[in-house]
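Chemist: I am attaching a structure below and will ask some questions about it afterwards.
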Amino acid sequence: MLDTFKIYDELKEQFGEQAASKLTAVLGQIYQDLSDAVTKKEFNELKDVVSELVEAQKQTERRVNELTEAQKLTEQRVNELAEAQKRTEQRVNELAEAQKRTEQRVNELAEAQKRTEQRLEELAQAQKQTELQIQKLTRRVSNIEEQLGGISNTIGYSLEDRAYDPLKKLLEKEFNIKVPQLIRKNLIYPDGKFEEINIYGEGRQNGDEIIVIGESKAQFGLKDVKRFLKRLDRIQKHLNKKIFPLALAYQFHPRAEADLKAKGIKYYWSYELK
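Using this note's numbering, the first residue of the sequence shown is number 161, and each one after it goes up by one.
Given below as structure tokens:
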């Protein structure tokens, strides 16, 4: 006898209640119609075919479910790739904008560099003009210094000329130095070099030979003291005789006066010659 309840339960799991009910009724009718003509073996074979169909249906549904899941995964991956593409395109657009800004900045820097080079060229031209002006001023200053030197020499020579006779009297009175005459003299060294001595005189002091070496300036400064000391050292080595140094000026710098005193050099103000 056909167990319709069992068949219904099996079919319901696969096809649902409505389909299972219809299939069970059909199978029951078939079983009824064929019960007299079909053997039990044939009916069992038919059951086996139905079972195989049921199993095939299960596998088909599993495969459909697998394909459905695979499709979902594929769609999800496609969506992810689409989002990634959007982000890539957005990033590319951002890089393109950044590149534009970079190119703009480079162009601005290039223009700034041109202006800087132009400015440097202008400064170089201005520097050349300045150097030319400095050269002109230097020549003018040199000319002025030469003129002032000439004036100073003229004043110094005038002072020396008026000082020779009074100095002879002062030297004899204060230091017992007797000098027949004081002159201006060029002292020539063995190498051919020479230097002008403003006040030169050969005489005696207490019977001993002595040479008067004097330096005359309109204004006697610190540098003049240093130059005079060096000159005295050269003359001493050349003459190898006792020297009496003296300085004469209209005006002595206070520190020059102090240095002369410290070195033991006699100095006279112009007004002392009267």
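Glycine residues also receive a C-beta, built at the ideal position from the N, C-alpha and C atoms. Here the structure is a predicted model, which is why all the values come from computation and not from measurement.
Taking 7 Å as the limit between beta carbons, can you name the residues of its chain near Ile111, skipping five residues before and five after?
Modeler: Any question about residue 111 goes unanswered here, given that the chain covers just 161 to 434.
Chemist: Is there at least one Cβ from chain B nearer than 9 Å to Arg265's Cβ?
Modeler: Among the protein chains of the structure shown there is no chain B, as only one such chain exists.
Chemist: Compare the Cα-Cα distances from Ile343 to each of Gly363, Asp351, Pro350 and report the closest residue.
Modeler: Translated into positions along the sequence shown, residue 343 becomes position 183. Of the candidates Gly363, Asp351, Pro350, the one whose C-alpha sits nearest the C-alpha of Ile343 is Gly363.
Chemist: Among Ile373, Glu205, Glu249, Leu233, which one has its Cα closest to the Cα of Leu327?
Modeler: Taking the sequence shown and counting its residues from 1, one reaches residue 327 at position 167. For Leu327, the nearest C-alpha among the options comes from Ile373.
Chemist: For Ile395, which residues from the same chain have a beta carbon less than 7 Å from its beta carbon, with the 5 sequence-adjacent residues on both sides left out?
Modeler: Start at 1 with the first residue of the sequence shown, and residue 395 comes out as number 235. These residues qualify, in order along the chain: Leu347, Ile373, Ile403.
Chemist: Which whole-angstrom value describes the C-beta separation of Arg391 and Glu355, a residue pair presumed to lie in contact below a C-beta threshold of 8 Å?
Modeler: On the sequence shown, position 231 is the one that residue 391 refers to. On the sequence shown, position 195 is the one that residue 355 refers to. About 7 Å separates the two Cβ atoms, so the contact holds.
Chemist: Candidates Lys383, Glu320, Glu177: which alpha carbon is nearest Ile357's?
Modeler: As a working mapping, residue 357 is identified with position 197 in the sequence shown. Of Lys383, Glu320, Glu177, the residue nearest in Cα terms is Glu320.
Chemist: Taking its Cβ as the centre, do 16 or more other Cβ atoms sit within 10 Å of Glu375, making it buried, or is it exposed?
Modeler: Here the question's residue 375 lines up with position 215 in the sequence shown. So Glu375 counts as buried.
Chemist: Excluding the 5 residues flanking Phe175 on each side, which residues of the same chain have their C-beta closer than 7 Å to its C-beta?
Modeler: For this step, residue 175 is matched to residue 15 along the sequence shown. So the qualifying residues of the chain are Leu183.
Chemist: In its own chain, which residues sit with a C-beta less than 7 Å from the C-beta of Asn366, not counting the 5 before and 5 after it?
Modeler: As a working mapping, residue 366 is identified with position 206 in the sequence shown. Around Asn366: Asn336.
Chemist: Between the C-alpha atoms of Asp351 and Leu389, what's the straight-line distance to the nearest angstrom?
Modeler: Along the sequence shown, read from residue 1 onward, the residue named residue 351 stands at position 191. Along the sequence shown, read from residue 1 onward, the residue named residue 389 stands at position 229. If you take the alpha carbons of Asp351 and Leu389, they lie about 21 Å apart.
Chemist: Which residue from Tyr191, Ser430, Leu213, Asp193 puts its Cα closest to that of Asp325?
Modeler: Translated into the one-based positions of the sequence shown, residue 325 becomes position 165. The option with the nearest alpha carbon to Asp325 is Ser430.
Chemist: For Asn313, does the three-state DSSP call read helix, strand or coil?
Modeler: In the sequence shown, counting from the first residue as 1, residue 313 sits at position 153. With a pLDDT of 44 at Asn313, under the threshold of 50, the modelled position of this residue cannot be trusted; read the value that follows with caution. If DSSP states are grouped into helix, strand and coil, Asn313 belongs with the helices.
Chemist: How far does the alpha helix (DSSP H) with Gln341 in it extend, from its first residue to its last?
Modeler: Residue 341 sits at position 181 when you count from the first residue of the sequence shown. First-last for Gln341: undefined, no H or E at that position.
Chemist: Got a sec? Which residues, its chain only, sit under 6 Å from Lys172 by beta carbon, not counting five neighbours each side?
Modeler: Taking the first residue of the sequence shown as position 1, residue 172 is located at position 12. Ala180, listed in sequence order.
Chemist: Buried or exposed for Pro405, going by 16 or more other Cβ atoms inside 10 Å?
Modeler: Numbered from its first residue, the sequence shown carries residue 405 at position 245. When all chains shown are included, Pro405 counts as buried.
Chemist: Could you tell me which uninterrupted alpha helix (DSSP H) segments, each at least 4 residues in length, are contained entirely in the region 348-404, listed from first to last along the chain?
Modeler: Runs found: 382-399.
Chemist: Tell me whether the beta-carbon of Ala323 lies closer than 9 Å to the beta-carbon of Leu420.
Modeler: The residue you call residue 323 lines up with position 163 of the sequence shown. The residue you call residue 420 lines up with position 260 of the sequence shown. No. Outside cutoff.
Chemist: For Gly361, is the classification buried or exposed, using 16 other Cβ atoms within 10 angstroms of its Cβ as the cut-off for buried?
Modeler: Position 201 of the sequence shown holds residue 361. The residue in question, Gly361, is buried, as its Cβ has 16 or more Cβ neighbours within 10 Å.
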